[in-house]
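Residue numbers (the numbering used here): 28 to 325. Okay, structure first, notes after.
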């Protein structure tokens with residue numbers, strides 16, 4: 028199987044929105060653009076490498092918002108033949124700002140069979156503008172009439188950002204529970220916090236991360252041993268000051284299947300941020316499918 032590499036030359040904020048902001052022209056492989064909104068669609072015969080260069084629409088551009096549907100090869104799993112330690116995007120991948128994405132990422136308006144080997148992508152990009160001198164965060168649109176992107180501006184360091192008060196979040200390559208997330212991967216999932224926001228409620232439909240099989244615990248220190256380089260699995264989702272309703276427990280770190288079918292509330296002060304971490308350990312007998320949950324800011 029030939030390899031396909033997509034490289035978008037830009038630092039980006041990746042996320043999914045309930046209502047799109049996209050339009051504009053379609054950009055071909057090897058092209059550059061300075062359009063505010065544009066779409067990258069695969070050619071009928073994808074080349075081995077497809078590069079896109081994004082030039083700033085204006086001097087006020089501070090972020091890119093990217094939403095994508097794609098169907099690429101799944102992460103390559105470790106084997107004696109390839110020498111890998113953990114699942115990695117090797118055959119096909121989309122690279123954005125140093126992050127690699129592979130497998131299937133299909134939003135609600137696109138469907139397809141998971142068994143299809145066809146390589147396809149539909150990547151929608153919006154250049155977001157901030158006033159000069161402002162911190163990269165949400166700001167009142169009324170601050171300057173010519174700026175209308177404030178709703179979409181993500182806090183610094185957020186790979187995924189959800190500005191709506193309700194929505195659904197899935198881990199990368201979740202693929203309806205059929206995929207496997209990458210190893211050695213860290214990112215932040217952020218939500219918009221209004222002045223009146225008290226916290227956030229998360230309803231987990233599915234949750235399957237790596238865990239320690241030697242103990243019967245899937246939260247706290249079991250997800251991140253106190254001793255460094257312990258050799259134990261450290262995959263985890265960090266939820267500050269979390270309260271798990273069904274189990275009547277508090278926690279911050281969760282792994283294994285500890286949150287499947289559970290409702291979690293967090294009323295921690297400060298930014299609404301969850302942090303995902305996967306380690307460099309992989310065991311074929313422990314599913315590492317990821318998670319999906321709906322959220323509601325309180």
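Heads up, the beta-carbon is just placed ideally off N, CA and C, and yes, glycines get one too. Predicted model only: the values in this text are computed from it and were never measured.
So, is residue i buried or exposed, given that buried needs 16 or more other C-beta atoms within 10 angstroms?
i, result
"residue 202", "buried"
"residue 197", "buried"
"residue 43", "Legend: pLDDT at residue 43 = 40, less than 50; position of this residue unreliable, no value from coordinates given."
"residue 287", "exposed"
"residue 219", "buried"
"residue 205", "exposed"
"residue 83", "exposed"
"residue 108", "exposed"
"residue 110", "exposed"
"residue 156", "buried"
"residue 127", "buried"
"residue 169", "Below a pLDDT of 50, predicted positions are generally treated as unreliable, and residue 169, at 43, falls in that range; the measurement from the model is reported next regardless. Burial call: exposed."
"residue 29", "Model confidence at residue 29 stands at a pLDDT of 47, short of 50, so the residue's coordinates are unreliable; what they give is reported in the following sentence. Residue 29 comes out exposed."
"residue 142", "Low confidence applies to residue 142: its pLDDT is 44, below 50, so where it sits in the model is not reliable, and the reading given next is rough at best. Looking at its Cβ environment, which holds fewer than 16 other Cβ atoms inside 10 Å, residue 142 is exposed."
"residue 251", "buried"
"residue 158", "exposed"
"residue 125", "exposed"
"residue 94", "buried"
"residue 175", "exposed"
"residue 311", "exposed"
"residue 255", "exposed"
"residue 60", "buried"
Cβ atoms of residue j and residue i: under 8 Å apart, would you say?
i, j, result
"residue 308", "residue 113", "yes"
"residue 227", "residue 325", "yes"
"residue 209", "residue 122", "no"
"residue 53", "residue 66", "yes"
"residue 130", "residue 90", "no"
"residue 179", "residue 239", "no"
"residue 221", "residue 283", "no"
"residue 298", "residue 182", "yes"
"residue 260", "residue 306", "yes"
"residue 78", "residue 57", "yes"
"residue 269", "residue 275", "no"
Could you have a look at residue i and say whether DSSP puts it in helix, strand or coil?
i, result
"residue 202", "helix"
"residue 278", "strand"
"residue 245", "coil"
"residue 141", "Because the pLDDT of residue 141 is 40, which lies under 50, any placement of that residue in the model is unreliable, and the number read from its coordinates should be weighed accordingly. Residue state, collapsed to three classes: coil."
"residue 177", "helix"
Below 8 Å on the Cβ atoms is my contact criterion, and I expect residue i with residue j to pass it. Report the Cβ-Cβ distance as a whole number of Å.
i, j, result
"residue 132", "residue 97", "5 Å"
"residue 213", "residue 236", "That pair is no contact at about 13 Å."
"residue 149", "residue 68", "6 Å"
"residue 315", "residue 290", "No, residue 315 and residue 290 are not in contact; Cβ-Cβ is about 23 Å, not under 8 Å."
"residue 293", "residue 267", "6 Å"
"residue 247", "residue 280", "6 Å"
"residue 320", "residue 231", "4 Å"
"residue 229", "residue 322", "5 Å"
"residue 104", "residue 146", "Not confirmed; about 19 Å, so no contact."
Sort out for me which residues DSSP pairs residue i with in a bridge.
i, result
"residue 154", "91"
"residue 195", "321"
"residue 302", "215 and 265"
"residue 148", "97"
"residue 131", "98"
"residue 52", "65"
"residue 228", "292 and 323"
"residue 60", "81"
"residue 209", "Beta-bridge pairing links residue 209 to no other residue."
"residue 234", "318"
"residue 259", "In the DSSP output, where bridge partners are listed per residue, residue 259 has none listed."
"residue 187", "216"
"residue 270", "277 and 292"
"residue 126", "123"
"residue 103", "115"
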